[in-house]
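Have a look at the structure below, then the notes.
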Amino acid sequence: MRPKLLAISGPLKETTFLLLEGEVTLGRDASNGVPVIDPSVSRKHCLFRLVEGRYQIQDLGSRNGTLVNGVAATGRCLQHGDEIAVGDSVFLFLNEAEEQPAPENAVEFDEASSASETKVIQPKEVIYLHPDRLGKELPGNSQVALNLNALLKISRAVHAVRALEELQAQLLSLIFEVIPASRGAILLGDPGGEEFRSVHASVRQGRSSQSVRVSRTITRRVMQEGIAILGSDVPRSDALRDVDSLAESQVRSLLCVPLFVYERVIGCIYLDSTLSTNRFTDEHLQLMAGVAGISAVALDNALRLQWLQGENQRLITEIAGDRNLIGESAPMKEVYQFIAKAAPSDSTVLIEGESGTGKELVARALHANSSRADKPFVAINCAAIPEALLEADLFGHERGAFTGAVAQKKGRLEIADGGVVFLDEIGELAPALQVKLLRVLQEREFERLGGTRPIKINVRLLAATNRNLEEAVATGQFRRDLYYRLAVVRVTMPPLRDRKNDITILVRHFVQKYAQRCRVTPKAVSREAMACLVNYDWPGNVRELENATERALVLGASDTVLPEDLPDSVLERASSPELGLAKYHASVKDFKKQLILNAITQTHGNHNEAAKFLGVHPNYLHRLIRNLEIKDAVRQAGREGSRA
């Protein structure tokens, strides 16, 4: 299969680009091999090139960087299924090594009508599909007995293969052993469709390579009417001897049989012969109808499996598209470097950081770039599940282990066998479960609730917390031995206030994301609104920024995101001189300040009484004081109120 890029998000979504040998550039300029009209993409963003049989990607000093599987990449080799994020676009690199190249012997169609000297049989007339009639057809060493042996061999072979391409190739090879055909093709599709979903052609071994030209009229009639057709002498047929395609291919005989699955035609098998001494007979037609009968279900299953695998890959990629780490600041580059080093190993990783900084995204990036990427990723929030249920959720239970346990149930650890278990908010884990988790880390085994048999598992454990576990260990709230087992490798996610250079990139990403999800037109963010966003400290980190962007995009009344579209908490933050906020917002902030100071003065510095006087919750009052940066003024107002 020729390597290609499939756009799964961005302005080129669902567009495919073939990667030719040599070098192919991607960027905003129209001269690129892959042009992306997107302001977040540089004119010459990245380069794809073939080096020693493998494709490499190299960032060309772009403004926003190039991410591969969520990790910044200046240059690396690509593998089938890698996700490449460029600006607001995501591409999937497809180069499946196990996929066979397209066969040399292509299928071509002509519109010739079927011959008048053809033999037509109905499915009920195929003797190989009706065992009760075989007794009359088996006089010793008859041809029927030989054909039955061939059918048995084909049946055993086709039902032992699952891959569609391999199954079709093996089926045609076995057909050539019992039918004197020069060429053959298997065509799968709907009877009413003009095109086939799958086409596979082959030529008998030892013959020269040539296209297998198939009559579209014959295949359409076979599939629409559900009949098998035999053209035993094409040169003498009034309808077929003047067809240029058959004359050029020197076809002497042709045969086409339908493939039935539950009384539904899913395709056909086409054969032809170029030797006058090897013409097809009624016996060949009967045998091929039998072959079609025993191979149709296997072909249909293989076709469905191929579609399911492709759909599964598409869904996984679509889900993963929202779970990429975004940012080009120095703290984020350190995180990317950590992921690149830690991902290939099986070491336990402890991910620390405030809520909303993207700890789970780091865990998923570690999984996506590891050897376990095709295995399960099971995430468990230790703070969201009650202690009584968390143990059964983690370890599973046997039937009768407790009231309501009517059947055996596997736990999350067992389900994740071979993959990765991510324990979020590990600092909230109850002491009793800490002991059991320690055994899992040490022995890689556990017992279900109510069970006595140890169950071995092979999992990699990743954990995250927003607590200071070292302090929790010192106060006895967290086991010291478990902490050391978890903190084999540690990384701390930087808060958004320490990576403000990434806010512009994040906002642009969230605008595109929620414009598509909420079915609204993407909006530009005004300079004033962006200045407000950058100036805010974001105590809720990236999660709070994401919510604020979605709110502004959905509720904004103009074609541009303006300051008034942002949450009050963002506007309440003291502005820097370069913000240049509108007089309205500046006046509102000044009024809030004066209102709070008056309330503090009247209540003699009592914050709870001041909150009650203003009709707000005390916590909200404290947040206003912090955002408006008037702590010193409030203390002064309290002292003045006390003196009065």
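Position in the sequence shown counted from 1, then plus 3, gives you my numbering.
Cβ coordinates follow ideal geometry from the N, Cα and C atoms, glycine included.
With 16 other Cβ atoms within 10 Å as the buried cut-off, status of residue i
i, result
"V254", "buried"
"Q289", "buried"
"E101", "Its pLDDT being 39, under 50, E101 is placed unreliably by the model, and the measurement read from it follows with that caveat. By the 10 Å Cβ count, E101 comes out exposed."
"Q519", "exposed"
"H512", "buried"
"S645", "exposed"
"D427", "buried"
"S34", "exposed"
"K3", "Residue numbering for the chain in the displayed model covers 4 to 647; residue 3 lies beyond these limits and cannot be assessed."
"K16", "exposed"
"Q171", "buried"
"T531", "It is worth fixing the name first, because residue 531 is Glu in this sequence and not Thr. E531 is buried by the Cβ-count criterion."
"P525", "exposed"
"C521", "exposed"
"F405", "exposed"
"R307", "exposed"
"C49", "buried"
"C80", "exposed"
Terminal residues of the beta strand (DSSP E) in which residue i lies
i, result
"D427", "423-427"
"P261", "256-264"
"E55", "Where E55 is concerned, there is no enclosing beta strand (DSSP E), given that its DSSP letter is neither H nor E."
"E390", "No beta strand (DSSP E) holds E390; the alpha helix (DSSP H) holding it covers 390-398."
"F20", "19-21"
"S218", "215-218"
"I87", "86-89"
"E26", "26-30"
"R467", "Strictly speaking, residue 467 in this sequence is Ala, with Arg absent from that position. Its beta strand (DSSP E) spans residues 463-468."
"N384", "380-384"
Whole-number beta carbon distance between residue j and residue i, since they are thought to touch under 8 Å
i, j, result
"T552", "V523", "The Cβ separation is near 12 Å, so there is no contact."
"I157", "L175", "With 8 Å as the limit, I157 and L175 do not qualify as a contact, their Cβ atoms being about 11 Å apart."
"A527", "T563", "5 Å"
"V264", "D303", "5 Å"
"M226", "V268", "5 Å"
"A184", "R207", "7 Å"
"V510", "M533", "7 Å"
"N611", "P621", "5 Å"
Limits of the alpha helix (DSSP H) - the one that residue i falls within
i, result
"C271", "Segment 267-276 is the beta strand (DSSP E) holding C271; no alpha helix (DSSP H) there."
"V44", "Careful: V44 lies outside any alpha helix (DSSP H) and carries neither H nor E."
"H512", "506-520"
"C535", "530-538"
"H370", "362-371"
"N611", "610-617"
"I633", "From DSSP, I633 is part of no alpha helix (DSSP H); its letter is neither H nor E."
"I659", "Only positions 4 to 647 of the chain appear in this structure, which leaves residue 659 out of reach."
"R483", "483-489"
"T524", "Unbroken run through T524: none, as it is neither H nor E."
"F283", "Neither: F283 is in no alpha helix (DSSP H) and is coded neither H nor E."
"A475", "472-477"
Helix, strand or coil at residue i [DSSP, three-state]
i, result
"D193", "coil"
"K412", "strand"
"N327", "coil"
"Q445", "helix"
"L70", "strand"
"S332", "coil"
"I124", "strand"
"N544", "helix"
"H203", "strand"
"I232", "strand"
"A292", "helix"
"S185", "coil"
"G644", "helix"
"S561", "coil"
"S348", "coil"
"A75", "strand"
"Q227", "helix"
"I342", "helix"
"D571", "helix"
Is there contact between the region 38-54 and the region 469-482, where contact requires at least three CB pairs shorter than 8 Å?
no
Whether or not the region 598-614 and the region 556-576 are in contact is what I'm after, with contact meaning three or more pairs of Cβ atoms, one per stretch, closer than 8 Å; do they touch?
no
Counting Cβ pairs, one atom from each stretch, are 3 or more of them under 8 Å apart for the region 449-465 and the region 329-347?
no
Segment contact, 8 Å Cβ cut-off, at least three pairs: the region 354-363 with the region 542-549
yes
Is the number of C-beta pairs between the region 369-385 and the region 408-425 that are closer than 8 Å three or more?
yes
Report yes or no: do three or more beta-carbon pairs, one from the region 149-156 and one from the region 285-300, lie closer than 8 Å?
yes
Any chance the region 345-357 sits against the region 488-501, with 3 or more Cβ pairs inside 8 Å?
yes
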